[in-house]
Each structure stands twice: as structure tokens, then as C-alpha cells.
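Written out below as C-alpha cells is the structure these notes cover.
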Amino acid sequence: MASIATLMHATVEFNLQIPANTATWLTLLALAWIVSNERDEKCSHRAQPPYSPDHTHDRSRMATTLALTAIGLCLALAFTALRWGTADLLTEIDEAALDESSPEQILPRQRLATRLDPANHHAWFTLARVHLYQADTTGQHSGPLASARKYSRQALRLAPSEAGNWLLQAATLAFQGQFGPDFSIALHRAFHHAPWKTKILLGIVHLGESSWPRLTQRDRRVVTEAALHALIRRRHRKGIAIPGGAMLLSQFCRTHRDEYAELAKACRKLKSSSSDPRPFSILRIPSTRPLDGFSGFTPHRALNY
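In my numbering, the protein residues as written are 96 to 400.
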């Protein structure tokens, strides 16, 4: 039962696929070995009465071995699932939890999650994010930023193809004011690893808007491409419910539509293709009207979509 439950959970949780498949194959091999031995012993005891003491003892020993193997497998799977499940629960944290609790209250739980599952890149991502939030709210930049940089690198080592880890790396570098080659690489890979994820696209746009004067022309082009992809996804009704997404895109389009003609064209297509203009009315706000909540862009907020 534990093997079946782990296999069912492994269909949605990638971290459990390898141990679940390994446990299943080990169980099948153990059963095949037991059946093979039982067949050989039946052949050797063919001349004996069916209920001889030796034959009964062998069957009892095989049943005990099978039971102990199954119990050990179940305990191992349960312990592994408990550790990884607890780590996943501890890393599920959102912006509201960060605002309601101080970083000193959250950090011990995130460190515990990394100890329970050191191979979970999301645990290291969350730990680095909390340190970055601590630097943003407390003003103590040296220690928290160094920790955020360290843990974001660990998350990248564990999952180099995860776009969120590259976005975190770019946000950490931007917060430190380092807009060199490392920042450009992180920004480009965050976009190219997940050009279909609306949250990543909005995070790149937010990061670019908060750091626009410091960006190179190549970096600005990546941010603009992310905004265009996000607008296209909104045109097809994807990612509309993300809080602040429409307002962020509107702000970016109004600011840079003269610099990039394709932004103005995409905005016009977005408005003309919608049968219900209310979800897209934000794009028709005059540029003289201030946008509440977007008066101060910070790199950390790029991770909140």
C-alpha cells in the first residue's frame, strides 16, 4: 500500500518518481526471487509428504521473509515521504506570510526544510528569497544579501534548468547593484528556460522596470520580449487572474511604447481582440494617472507573481 501511495504521489511530485520506481522494481525482484525459490523447493520436496515438517518450516520462513521485507519497505517509504512532505510544507510560503511574519520567525523553518531535504531546490530558493526579503525590509544589506546570493547559487546547482532560480539570481544581483555579465546571463536564462510561464514573464518585466537605467541594450530587449510574451498570453486569456499583472504590463507599455513600437502594437491588438473590454480597461488609463502600488519598483517584488 505504501508503494502504491508513493507511486500515485510521484505522478505529480517529481522528487518522488525515482525512489518510487526504485521501490517498485525492488519489490517485484524480491517477489520473483521468492517465487523462484519456492518453485525449486517444491521440486526438491516432491518425494516428501505435502505436510512434512521441513516443507512447512520452509514455507513459514519464506512468509516471514516476505512480511519483513514488505514492512521494511513500507517504513522506508513512509519515512522518506514524511521528510520530503514536511520539507514541501515548510517551503510553501507566499508574500502574505512574509508580510505578516518577521524573517526571524520564518528563517528557522526554512533552514529545517533544507536539512530535511537537501536536494530540494525549492527549499533553497525559498530560503534565499526570505533573506532577500529581510534585506529589503530591515535595511541590513550585507549579511542577508550575502546569504541570499549563497543560497540562490545552491538552488541553481540543484536545478539549473529552473527559470525561477535564475530569476532569483538576477534579483539578488540587481539588489546588490551588480548589473554585469552574471546579471545578464541570469536574466536571459530566466526568460529562455520558461517563456510560457506568466509569473516568470511578469517577474522579468518587474525586474527590468525597476532597473531600467542600469540595463544594457541587450538586457532591455529581453525584458521587452518578456512583456510581449506576457501580453500575448493575456490576449489568449492566460494568466489574467495574477494580481498586479495587468497593472504592471500597462505601466511598462506606457513607459516604453515610444521606444519599442511592437509594444504599442501589441497593446492595440490586445484591446481590439477582446469582446469584453473590462478586463483590459487598465491599458486605456491615461499616462497622467498614477498607478497605486507601483510607485516604487524593487527587485525583490519580481518574485511575488
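Glycine included, every Cβ here is placed at the ideal spot set by N, Cα and C.
Continuous alpha helix (DSSP H) stretch holding Pro213: start and end
No alpha helix (DSSP H) contains Pro213, which DSSP labels as neither H nor E.
Checklist line | Residue range of the alpha helix (DSSP H) that includes Arg284 | finding: 276–288
Where do the N-terminal and C-terminal ends of the alpha helix (DSSP H) with Gly303 fall, by residue? 293–305
I need the DSSP call for Lys344, collapsed to helix, strand or coil. Residue identity differs from the one stated: residue 344 is Leu in this sequence, not Lys. It is helical.
Checklist entry - Leaving out five residues before and five after Ala322 in sequence, what residues of the same chain have Cβ atoms less than 6 Å from its Cβ? => result Val300, Phe347
Can you tell me whether Thr350 is buried or exposed, with buried defined as 16 or more other CB within 10 angstroms of its CB? exposed
Q) Leu310 by DSSP, collapsed to three states: which one? A) coil
Pair every Cβ in the region 306–326 with every Cβ in the region 277–294, then say whether three or more of these pairs are closer than 8 Å. yes
Original post:
Just checking my contact of Ala265 with Ala243 at CB under 8 Å: how many whole Å lie between their CB atoms?
Top reply: With a Cβ gap of about 12 Å, Ala265 and Ala243 do not count as contacting.
Q.
Am I right that Ser279 and Asn260 are in contact with their C-beta atoms under 8 Å? What's the rounded C-beta distance?
A. With a Cβ gap of about 16 Å, Ser279 and Asn260 do not count as contacting.
(request) For my contact list, Ile295 and Leu326 are in at a C-beta cut-off of 8 Å; report their separation, rounded to the angstrom. (result) That pair is no contact at about 15 Å.
Q.
Can you look up Ala265 in the DSSP assignment and give me helix, strand or coil?
A. helix
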